Structure formats: structure tokens, C-alpha cells
DNA sequence: CTGAAAGCGCTTACAG
DNA sequence: CTGAAAGCGCTTACAG
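Protein chains in written order, with the working numbering: chain A, 66 to 410; chain B, 66 to 410.
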């Protein structure tokens, strides 16, 4: 079992009585080699423990079989879940994942430039922005870029896979209006993120279309602390909201905690809270968070499909919107309150 | 800004009037090159957008500047958090992280063998087991292996960074006994994991040392579903436990949910629940989980330090145990109940 | 189907 | 301090 040093193609070739070219072909799908020759080479390779050196292979083939994933903050369980499944999906397709953690203040150019030093087959950006200069360079280097759960101002250059932000937010608005809420509020993430702006636009649009007054607005910065602070500001207002739609579940969970623990509210009766994503925690009984479900499996499968297609030299960028669905749970009521409106006594 | 194709060392050399050797030296810390020469080369490189190809560099230098991280299930927020910080820490040290997701039924040999095909500077295993055959091969290939949050049966071959499993579990036992619990239970993960067995040993040892009856035992398989099922079994017993120590927070959170939502128990009064890790969620008001805190920052820093040291060709494997501390929260009571013991009426 | 040769883009002794 | 040459371990036209 113990080999005293690493085995090379040369060793296999020698032992099998063939050239290193043949060894290479034996390990290359679809290469022109006699089946019997391949069988024998593979046999010898297994016997002496040979595997092609992937670094060398990358250098000659120009492909690395590595995709980069630029990640921001994995605190958000939606990202953790997505990364988990993305890496499994890519592994199954024979691709490895190289992580590019964004630095504190967003993906610093210099840092992310490293992307180009590896010969990535693709670069996936998990809810992370891409400077247009880096987008350019990726294009020059023939590295397809796919934004996951975010779109870009530059749709002609990079692909994207997102949920139905607009439709989901409208469905949420409809749900809150049907339940008789009078003072709804949108809690934004930040304005650079399409996940925040498109959800806000869809939400606000529903009210606008019906001539209803526009919802209130706060900003939670997509962080737990930010959302908690925003909730405190809202709930100490003279006329606080009776429903809060947070741009994602990560913030909504913080909102529930603060409303319940610090203001003694019964979430789902005294106030409604809605999120977006339907992370696993949303269904935990401690939260029972109403949320618009983004199907991570589908988003991941689509991301993989695009990466593979672009690898084959497919056409231009593609933009895929995955349908989700509104999941109603205990954090929102379904009907208007029986008698007088809330917050009036 | 747009370069039409990728720039090579040769291009820089030509433009700067030097050899490619000089270019290489300019980008190699500590290489023997005149400061003025280096300055000029770097200047030209920046001008035309040159960065060394890391794949080629790996091939010649034998080092990849990539560390592999074998990950199991990122559902457990402790792992998500750890991975997040590990990748940032390594990035800061100029190392990239390549993800090796374990397949469903543990790290299948064939899959993980790929580790060896890259020239990893180190392999970190996040609560994941390593077969001794792979451990051998890593050693032959000179790839240091560091187990994070787990130890191994093979301490002479691989390094490890863990929390104080034994001490932490004893502190938890002491806490529960001091609060007057009579029917404590340990919820195991699975018996291949030192994080489960060592915590069980520490916990049980406290009772044994004092001549107290041994705690009850259930198995939650380190998953949310497994822990929920275990909790249901326990709470439908004729004589259910009055305190449950779960081998990690991930299971403890599920235990709280089930006890509260399905059995109507007031956690912290009717029953005590304790975890291990102190994940961020443990401090959320919805859970207020008493837990033994494992300092992720320290564990990550230590892992990095070991990886770096072993990269410099340090001596044998090192085993580091990081001290934590018991964090008391509302999920456990601190004093014995005033009158008669619980669950007696 | 197969092998000899060139080459991927670097780094590293070796001379100077 | 510097450059020419060899080499890292593969793959890929090119002949045969």
C-alpha cells in the first residue's frame, strides 16, 4: 500500500510497455486508443497507484477543472446551504471548487484578481458583486462568470441565476394586503444588491398599482445586527408598522427575535413578519417564518448546467429566473382581525 | 484596461529588457535580484497586466499555495462558521482553499484520492474522518493533514486542533448536578467521532467519579432529524430525562424545538437542554442555549499556524487543545427547584 | 491506433 | 546579480 514516492505517467508507460502518450490517452475520455490498450494501462495504473497530476494536466490542457466561487458572508444560511450544494453538484460533475472569500469591504480588486491566475473553468459569484473591470478581464481570459442569486448592471457580459424576486415580492404584498395590514414596511438589504432592489420594486409596485399608500421603509444591511437595529427603530416609532417584509430570511429571523424578546410581541398576531429565501430555519417551529421559497436545488442545477454549457463554448451569457412559491406559516396571519384594527387600543 | 490576451513572463522580460529568469525572481520573495531590477520589472508587469500563472508555478515549484478542506455537512452552523473563517484566514496568508465535499456516506476513498492529484500544501479535515490508507498516502506525498474539531486514532501521523471536549463535558455535568437534575441524558452523535465519544466520556466520568448513577443515553446522529427523533423517544419514556446534554449545538437546537413545540415543555424550567460549540444561534433569544463555547477564532488561527509551520518542514504532527468556557443561558436552570423534585407529580 | 517531439509557463541549479 | 538551459508532468498535433 505504501508507495515510497509519487508515481508518474512514465512509470506506468514503462511497466505497461507503451508510451506516455498512450497513458495520457488512457485517462482521457474519448481519446483515440484501442480498448484493450486502455484496459491494460488502467490496470497497471491501479496496481502501482498512478493518477494523473492535475496541475500538469491543467497547464497543458488549458482547463483546470476548477471553478471559483466568490463568497461573501456565509452567516446567511441561504449562502451556506447554497455553497454546500454547489460544491457537491460540481464535485459530481468532476469539478473542484476554489473559494474566493470576499474581504470585509467587498471583493477588493487586487484580491480577486487572483481569479485570473488560476485557470478557472468558471467563476460563480454567490450574492457578490463584480467590478466591470474584473468582468472584462474574465471575458478576455475566457472565464465564464455566473452570478448566483444576483444580477448585474452588465447583463451582456455575465450570466445569472436568480429567483423570481419581483413576482415573489408581489405575492408577499398581496398576502399582507389580504390579511388586512394597514402599515406594511419593507426592510431593505442594501441598494447595490438586485436581491434587495428588485424585491422592493415588486413589493412597492403592488401597492402603487392599487392606489394604496406606499409601504414604509427601513434598511437592515443584510446582516443580523443591522436588521435588529432596524427593527428597534421601527417598533419605537409613534406609529409602528403592523407587518414587516424583510428582503431575506436572515434579516427576518433577527426581526422576529427582537419583536418577541425585546418588545414582547406575539409574532403572527401583534405583527406579521415575512422573509425571502425559505432557509431551513424558516420552518423551525421556533420561527415558523412565512417566506418566499427559492428552490436552491434548481438554482444550483441551473448554475451547473450553465457552467458546463459555457465550458463547451456556448454562446453568450444566459439569465435564468427560477420560479419559487410563497410558503405561509405562523409568522403572518391569513385573515383580517375579527373586530377593530390592531394597534388601536 | 482591456488586454486582448493573457500576458506571459516572456512579454514582461522582452519589454523590460531582461530574461524570464529575472521576471521570475522579481515575483519570488527573497530571490537574488537587484532591487532596482525588481522595481523596473514590477513596474512593467503592472503596466501590461502581468501576473504569474499559478498553475505553472505550482508545477515547477512543487507547491500549490492551495490547501484542501474536506467538509462534511455544512448544515451544522459550527462548520459553516468555521469554514467561513478558515477560508478568510488562509486567504490572508496567501493560500487558497479547495473544497472537497464528502459524499453522502462519508468520504469515499476514490473521491478523496483526488486530494493527491493536486499539490496541496495541506489538507484540513473539518470534522471528517480520514482513512488510514489515505493518511499514508498524504504522508508519502508530503501533504500535512490537520484534523479540525476531531482527533484520530492515528495521532502519530496527522495533526489536530480540537476544543477541550473532556473538560467541557465535565463542566456541563457539574452544572447539571449542581442544579439538582436527577435524570440527565447524553445525546451522542456517532461513535466514530471523537467529538462525541470524548464528550460522552467526560460527561459520564463526572458521575462515575462521584458514585452517581450513569446518565441515560440516546443517539442523534449529529443531524437535526436524528436529534428530533431521539428527543421524541426520550420524552415519551415512562420516566423521561430532566436534562439533556447534546453532543453539539446543532442537535441541541432541534431538541429544544421538539421539547417546546411537540411536548409543550418550558425549556429551562420543565427540562434543561445543553449543547456544545456555542454557535451564533445559541445566543439568539429564541433559544438561549447553555453551551460550552469552542473559540472558533483561536481554533482557526491555530490551524493556520500549524499548516504554515508544517509547510516550512516542521517536525512531526502536533495536537492542540483549545480551552473554551461554559456559557450559561436560559435553557438550563442554575439552582435546584425550590420544593419537590421535578417530574414527580 | 501509436509514438517521438514539441510545448504549456513557470522555476531552479549552474555558470559566469 | 544575471541569463541560458533544463526540467516540472502532462497533452497534443504530426507522422506513420
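Every residue, glycine too, gets a C-beta built ideally from N, C-alpha and C. If you're wondering where the values come from, they're calculated on a predicted model, not measured in any experiment.
Only counting runs of 3 or more residues, tell me where the beta strand (DSSP E) segments fall wholly within the segment 213-295 of chain A, in order along the chain.
224-228, 249-253, 281-284
Using a Cβ-Cβ distance cut-off of 8 angstroms, determine whether residue 149 of chain A contacts chain B.
yes
Using the beta-carbon count (16 or more within 10 Å), is residue 137 of chain A buried or exposed?
buried
Could you pull the DSSP bridge partners for residue 357 of chain A from this structure?
A:341, A:391
Quick one: Cα of residue 354 of chain B to Cα of residue 317 of chain B, how far?
8 angstroms
Measure the beta-carbon distance from residue 213 of chain B to residue 131 of chain B and round it to whole angstroms, keeping in mind my assumption that it falls under 8 angstroms.
Not quite, the Cβ-Cβ distance comes to about 17 angstroms (not below 8 angstroms), so this is no contact.
Look at the Cβ atom of residue 272 of chain A, then the Cβ atom of residue 313 of chain A, and state whether they are nearer than 8 angstroms.
no
So is residue 352 of chain A in contact with chain B if we call contact Cβ pairs under 8 angstroms?
yes
Assuming residue 424 of chain B and residue 368 of chain B form a contact by the criterion Cβ under 8 angstroms, report the distance between their Cβ atoms to the nearest whole angstrom.
With chain B represented from 66 up to 410, any question about residue 424 of chain B goes unanswered, as that position is not in the structure.
Tell me which residues of the segment 74-88 of chain A have at least one Cβ-Cβ distance to chain B shorter than 9 angstroms, keeping chain order.
none
In the segment 98-125 of chain B, which residue ranges form an unbroken beta strand (DSSP E) of at least 3 residues, counting only runs that do not cross its ends?
none
If contact means a Cβ-Cβ distance below 8 angstroms, which residues of the segment 178-193 of chain B contact chain A?
178, 179, 181, 182, 183, 184
Within 8 angstroms of any Cβ in chain B, is that where the Cβ of residue 413 of chain A sits?
Since the displayed chain A opens at 66 and closes at 410, residue 413 of chain A lies outside it and no answer follows.
Between B:135, B:180, B:80, B:133, which lies nearest to residue 110 of chain B when the distance is taken from Cα to Cα?
B:80
Close-in-space but distant-in-sequence residues of the same chain around residue 103 of chain A (CB under 8 angstroms, 5 per side omitted)
90, 91
For the segment 320-339 of chain A, list every residue whose C-beta sits within 9 angstroms of some C-beta in chain B, in sequence order.
321, 322, 323, 325, 326, 327
Roughly how many angstroms lie between the CA atoms of residue 160 of chain A and residue 291 of chain A, to the nearest whole one?
36 angstroms
Can you round the beta-carbon distance between residue 147 of chain B and residue 392 of chain B to whole angstroms, since I take them to be within the 8 angstroms contact cut?
Contact flag wrong, Cβ pair sits at about 18 angstroms.
Sort A:306, A:352, A:99, A:349 by Cα distance to residue 245 of chain A and report the nearest one.
A:306
To the nearest angstrom, how far is the alpha carbon of residue 400 of chain B from that of residue 335 of chain B?
13 angstroms
Ignore the nearest five residues each way along the sequence and tell me which others in residue 280 of chain B's own chain have a CB closer than 7 angstroms to its CB.
249, 250, 251, 268, 269, 272
Cross-strand partners of residue 165 of chain B (DSSP beta bridge)
B:135
Looking only at its chain, what residues have a beta carbon closer than 8 angstroms to the beta carbon of residue 76 of chain B, apart from the 5 residues adjacent to it on each side?
113, 115
Verify the CB distance criterion: does residue 317 of chain A have a CB-CB separation below 8 angstroms to chain B?
no
Anything in the segment 100-119 of chain B with a Cβ closer than 9 angstroms to a Cβ of chain A? List those residues in chain order, please.
114, 116, 117, 118, 119
On the three-state DSSP scale, how would you describe residue 310 of chain B?
strand
Any beta carbon of chain B sitting closer than 8 angstroms to that of residue 121 of chain A?
yes
Give the range of the beta strand (DSSP E) segment to which residue 187 of chain B is assigned.
187-191
Between the beta-carbon of residue 135 of chain B and the beta-carbon of residue 187 of chain B, is there less than 8 angstroms?
no
Identify, in the order they occur along the chain, each residue of the same chain with its Cβ nearer than 8 angstroms to the Cβ of residue 349 of chain A, setting aside the five sequence neighbours on each side.
none
Counting only C-beta atoms, is residue 71 of chain A closer than 8 angstroms to chain B at any point?
yes
According to DSSP, is residue 323 of chain A helix, strand or coil?
helix
Residues from the segment 368-397 of chain B in contact with chain A, defined by Cβ distance under 7 angstroms:
none
What is the DSSP secondary structure of residue 371 of chain B, counted as helix, strand or coil?
helix
Please confirm whether residue 401 of chain A has its beta-carbon closer than 8 angstroms to some beta-carbon of chain B.
no
Mind checking whether residue 223 of chain B and residue 100 of chain B have CB atoms under 8 angstroms apart?
no
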